[in-house]
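Using our numbering, the first residue of the sequence shown is number 319, and each one after it goes up by one.
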Amino acid sequence: MYTRRKFIEQSLKISTGLCLFALPPFLSSQSRSRFHSASYYQTLERRRVKCELCFRGCVIQDNERGFCKVRENDNGKLYSVVFGNPAAVQLDPIEKEPMYHLHPSTNILCIGTAGCNFKCQFCHNWHLSQATPEELRHRSKRMTPEEVVNHAKNLDSGLSFTYNEPTIFWEYMYEISKLGRREGLTTIFHTNGGMRSEPLKRLLENMMGVTVDLKGFTADFYRDVSFASMEPVLNTLRLIKSEGKWLEIVNLIIPTLNDDLNQIKEMCSWIVDNLGTDVPVHFNRFSPAYKMKHLKPTPISQLERARNIATEAGIRFVYVGNAPGHRHNSTFCPSCKKRIIHRTHFMVNEIRIKNGNCEFCKHPIPGVWKT
């Protein structure tokens, strides 16, 4: 288990060009033989490599791993330790991502592994994201990309890459999504937004939509609470929008950390100016978790204030999440104001959209619809 001090020390080492996550001593040569070649890295002198998959750009010494704990340098070559080894495989409603304007009321087969390139102190999936593959070997199973896609087809579901940060298992996600799109499956992923532009563009060729966590709207919050950086996330949001993929944004409002209404107003103005008014924004309720168990759950009133700010800024589809039964978990037509998707938490009770239009007033509703 990492202490905060140890993690900060590791972060500083990475920021100065070194990655010093040593391999577990019990890692066998036989298990190494099952590793999959990684994409997006440079070979450096003295058998070092520089990973170029995410914003960190870890420089990794021989026989060590990057910040994410799943990309390993073996004799000057970078490998993915988690390719074909999901630690979480589960059938969920697409609304759980949350993804509200893309094929609502359908199911997705969700895939996750160990590891992450952030260290959010409030992470609800910390048992996956902050674990090494070795710590989760008891729950991991071998599944080739073909087996994942066939499993999704048998379940009549789409595919989602989620739970931990899918950037860190890019090769696995890419191969699965490529096969999935070829088979006509819905393909989406939920990300913290830290991927670099080149791998993101290539991945988006296989994706129909993306849910991005915009965790706050200050550099200090990203640095101090998520041990990350905000600017790469903003670049990711712009790129997804420019590539024409369906985009939804989640902002988990955490009391005392990112709930300042002026910052929320700045964030909403940025969204309108850079992404437009049709990108759905989900203000989700925080529940105490991981290193933030001392905080209280977000008051519903604060979520509603944030929603009012977003609506006043011009965002047309603003949701209150993690609050089962709340009126604004449903979708309303921006023209006639009638409810066109009735949700109770993740369950869809009714859809009143036809050919992409409101059934009542025929107003176009942005999204990717099957009806």
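Glycine residues also receive a C-beta, built at the ideal position from the N, C-alpha and C atoms.
Which of the three DSSP states is assigned to residue i in this structure?
i	result
residue 522	helix
residue 581	helix
residue 346	For residue 346, the predicted structure reports a pLDDT of 40, less than 50, and the residue's modelled location is therefore unreliable. The matter cannot be settled from this model.
residue 558	helix
residue 673	coil
residue 409	strand
residue 680	coil
residue 399	coil
residue 297	Given that the chain is displayed from residue 319 to residue 689, the structure contains no residue 297 and the question cannot be resolved.
residue 382	strand
residue 481	coil
residue 590	helix
residue 545	coil
residue 659	strand
residue 388	coil
residue 630	helix
residue 508	strand
residue 487	helix
residue 539	helix
So the candidates are the options; which of them puts its Cα closest to the Cα of residue i?
i	options	result
residue 671	680, 475 and 440	680
residue 608	442, 683 and 430	442
residue 523	667, 564 and 449	564
residue 514	678, 636 and 375	375
residue 589	521, 573, 447 and 566	566
residue 473	424, 413 and 449	424
residue 618	595, 597 and 647	647
residue 625	598, 418 and 561	598
residue 673	666, 686 and 667	686
residue 479	636, 410 and 600	410
residue 430	421, 418, 649 and 446	446
residue 668	649, 578 and 526	649
residue 688	574, 420 and 387	420
residue 568	610, 666, 635 and 676	635
residue 434	536, 426, 580 and 448	448
residue 418	469, 577, 666 and 675	666
residue 308	537, 456 and 506	The structure shown has nothing for residue 308, since the chain only spans 319 to 689.
residue 428	408, 444 and 412	408
residue 271	396, 422, 382 and 519	Here the chain comprises residues numbered 319 to 689, so residue 271 is not present and cannot be evaluated.
residue 444	469, 386, 676 and 577	386
Across which residues does DSSP place residue i in a beta bridge pair?
i	result
residue 476	426
residue 564	527
residue 359	369
residue 639	602
residue 569	601
residue 610	Residue 610 pairs with nothing; no bridge assigned.
residue 668	660
residue 354	398
residue 689	Per DSSP, none; premise fails for residue 689.
residue 616	Answer by DSSP bridge pairing: none, since residue 616 is not bridged.
residue 574	According to DSSP, residue 574 bridges with nothing at all.
residue 377	368
residue 649	659
Please go through the same chain and pick out, in chain order, the residues whose beta-carbon is closer than 7 Å to the beta-carbon of residue i, but skip the five residues on each side of it.
i	result
residue 586	627, 628, 631 and 633
residue 493	463
residue 394	361, 365, 367 and 380
residue 638	601, 621, 622, 625, 644, 646 and 647
residue 460	402 and 403
Could you pull out every residue in the same chain whose Cβ sits closer than 8 Å to the Cβ of residue i, ignoring the five residues on either side in sequence?
i	result
residue 606	612, 613, 614 and 615
residue 641	603, 618, 621 and 647
residue 371	356, 357, 358, 359, 389, 485, 486, 488, 513, 514 and 517
residue 559	565, 592, 593, 594 and 597
residue 643	662 and 663
residue 711	Because the chain spans 319 through 689 in this model, residue 711 falls outside it and cannot be assessed.
residue 556	592 and 593
residue 540	533, 534, 546, 547, 548 and 551
residue 678	651, 654, 656, 658 and 670
residue 327	Residue confidence is low: residue 327 scores 43 on pLDDT, short of 50, so the model does not pin down where it sits. Its coordinate-derived value is still stated next. For residue 327, where only same-chain residues beyond five positions count, there are no Cβ hits under 8 Å.
residue 581	534, 535 and 536
Keeping to the same chain, check which residues put their C-beta closer than 6 Å to that of residue i; ignore five residues upstream and five downstream.
i	result
residue 550	373 and 512
residue 544	436, 438 and 533
residue 378	337, 367, 384 and 391
residue 401	354, 489 and 490
residue 552	none
residue 454	405 and 432
residue 508	415, 480 and 529
residue 583	627
residue 510	436, 483 and 531
Return yes when at least one heavy atom of the ligand ADP lies under 7 Å from the C-beta of residue i, else no.
i	result
residue 646	The ligand ADP is not among the ligands present in this structure, which contains no ligands whatsoever.
Checklist entry - Considering only residues of the segment 411-461, which uninterrupted alpha helix (DSSP H) runs meet the minimum length of 4 residues and lie entirely inside it, listed in chain order? => result Segments of the alpha helix (DSSP H) lying fully in the segment 411-461: 444-447.
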